[in-house]
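Enquirer: Numbering (the UniProt record's numbering), first residue to last: 1 to 297. Ideal placement from N, C-alpha and C gives every residue a C-beta, glycine not left out. Everything numeric in this text was worked out from a predicted model, so none of it was measured.
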């Protein structure tokens, strides 16, 4: 079975509902990630997605501000606290459902964006359930992350977009933490948009390229500085690669299906390239085989 872990501000339907996506060859691909996986031999009824609605993510901001104010402001939030605890609870519940409904088969986790580091937090120290004496390796076979953030900001940690929850995860469960327990790890990142650096434009606002401007702002927020210029348009490539995992870098891949229409920044201002996201029909085969290998499938 497979459990898809949605990214920040994403909805479960983003991964389950077929949608309109022009592909690189000009044909239309209407396949969701779930459908793309099913085409490759996964049983569709055993492809699960953590139930998340877009408005649920308000909890990660408003909940932290209102009910965990000090930690949220000081970037010392813990992943099982108010801001993200609801997500980790649903993730573990869905993994248990997938495991039980498949007759006791270990689960392949696919974590998109924030879903990747939150999956690491949920996997924790290797104890899945103290009450029932279950180890994480009894439930999970492999974690594959696509476009996930795996590092806290380099300089000022108070700018962390996860408000400290990722730093806590890295401090307590660094890298491929449960690899020796037999769990596989694959981290996949995309190189799509080259951002404008502070030396190439006097201000972000002066850039006429919307994708360039968004990427610049996002990379700076994620990394804590301006020097990182390559990534999937949201996360710089260096931040997607998890220490100790099988690391994969893909060209012409965007962060999510919501920005797959973004254009690549090239040496020619008029040159544009149609691109796809990690779960696209024409992209998934570039990383899925490595995941299956790590998962011993």
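Report buried or exposed for residue 255, applying the criterion of at least 16 other Cβ atoms within 10 angstroms of its Cβ.
Expert: Result: buried.
Enquirer: Ordered along the chain, which non-local residues of its own chain (more than five positions away) have a Cβ less than 7 Å from that of residue 57?
Expert: Only 8, 9 meet the Cβ criterion.
Enquirer: Cα-Cα, which of 150, 277, 140, 92 is closest to residue 117?
Expert: The candidate whose alpha carbon is nearest that of residue 117 is 150.
Enquirer: For the candidate residues 18, 247, 74, whose alpha-carbon lies nearest to that of residue 185?
Expert: Checking every option, the nearest Cα to that of residue 185 belongs to 247.
Enquirer: For the beta strand (DSSP E) containing residue 296, name the first residue and the last one.
Expert: No beta strand (DSSP E) holds residue 296; DSSP gives it neither H nor E.
Enquirer: Could you tell me if residue 141 is buried or exposed, where buried requires 16 or more neighbouring beta carbons within 10 angstroms of its beta carbon?
Expert: When all chains shown are included, residue 141 counts as buried.
Enquirer: If you draw a straight line from the alpha carbon of residue 145 to that of residue 187, how long is it in whole angstroms?
Expert: If you take the alpha carbons of residue 145 and residue 187, they lie about 5 Å apart.
Enquirer: Would you call the CB atoms of residue 66 and residue 109 closer than 8 Å?
Expert: No, the Cβ-Cβ distance between residue 66 and residue 109 is not below 8 Å.
Enquirer: Under the rule that 16 or more other beta-carbon atoms within 10 Å means buried, what is residue 147, buried or exposed?
Expert: Per the 10 Å Cβ criterion, buried.
Enquirer: Could you spell out where the beta strand (DSSP E) holding residue 107 opens and where it closes?
Expert: Residue 107 -> beta strand (DSSP E) spans 107 to 112.
Enquirer: Is there contact between the segment 281 to 291 and the segment 225 to 233, where contact requires at least three CB pairs shorter than 8 Å?
Expert: In short, these stretches do not touch, since the Cβ pair count stays below three.
Enquirer: The alpha helix (DSSP H) with residue 66 in it runs from where to where?
Expert: Per DSSP, residue 66 belongs to the alpha helix (DSSP H) from 64 to 67.
Enquirer: Give the straight-line distance between the Cα atoms of residue 104 and residue 212, rounded to the nearest whole angstrom.
Expert: When rounded, the distance between both Cα atoms is 46 Å.
Enquirer: Would you mind reading off the limits of the alpha helix (DSSP H) that contains residue 99?
Expert: 85 to 101 is the extent of the alpha helix (DSSP H) around residue 99.
Enquirer: Rounded C-beta distance between residue 91 and residue 47? I'm assuming under 8 Å.
Expert: The pair is not a contact, with the Cβ atoms about 15 Å apart (cut-off 8 Å).
Enquirer: Which stretch, first to last residue, makes up the alpha helix (DSSP H) that contains residue 213?
Expert: Looking at the DSSP string, the run of the alpha helix (DSSP H) that includes residue 213 is 210 to 223.
Enquirer: Unbroken alpha helix (DSSP H) runs of length 4 or more, entirely within the segment 137 to 195: which are they?
Expert: Listed in chain order, they are 165 to 172.
Enquirer: Using only the alpha-carbon positions, how far apart do residue 280 and residue 33 sit?
Expert: Rounded to the nearest angstrom, the two C-alpha atoms are 7 Å apart.
Enquirer: By DSSP, does residue 284 sit in helix, in strand, or in coil?
Expert: Helix.
Enquirer: Taking DSSP as the reference, what is the three-state secondary structure of residue 49?
Expert: If DSSP states are grouped into helix, strand and coil, residue 49 belongs with the strands.
Enquirer: Measure the CB-CB distance between residue 139 and residue 97 and report whether it falls below 8 Å.
Expert: Their beta carbons are not under 8 Å apart, which means residue 139 does not touch residue 97 by this criterion.
Enquirer: Mark residue 296 as exposed unless 16 or more other C-beta atoms lie within 10 angstroms of its C-beta, in which case mark it buried.
Expert: Exposed is the call here.
Enquirer: With a threshold of 6 Å on Cβ separation, who are the neighbours of residue 285 within its own chain once the five nearest residues in sequence on each side are excluded?
Expert: None.
Enquirer: Just reading off the alpha helix (DSSP H) that residue 250 is part of, what are its end residues?
Expert: Careful: residue 250 lies outside any alpha helix (DSSP H), inside the beta strand (DSSP E) at 246 to 251.
Enquirer: Return the chain-ordered list of same chain residues with a C-beta closer than 6 Å to the C-beta of residue 341, the five sequence neighbours on each side being excluded.
Expert: With the chain covering only 1 through 297, there is no way to say anything about residue 341.
Enquirer: Does DSSP put residue 36 in a helix, a strand or coil?
Expert: Helix.
Enquirer: Have a look at 244, 163, 277 and flag the residue whose alpha-carbon is nearest the alpha-carbon of residue 305.
Expert: With the chain covering only 1 through 297, there is no way to say anything about residue 305.
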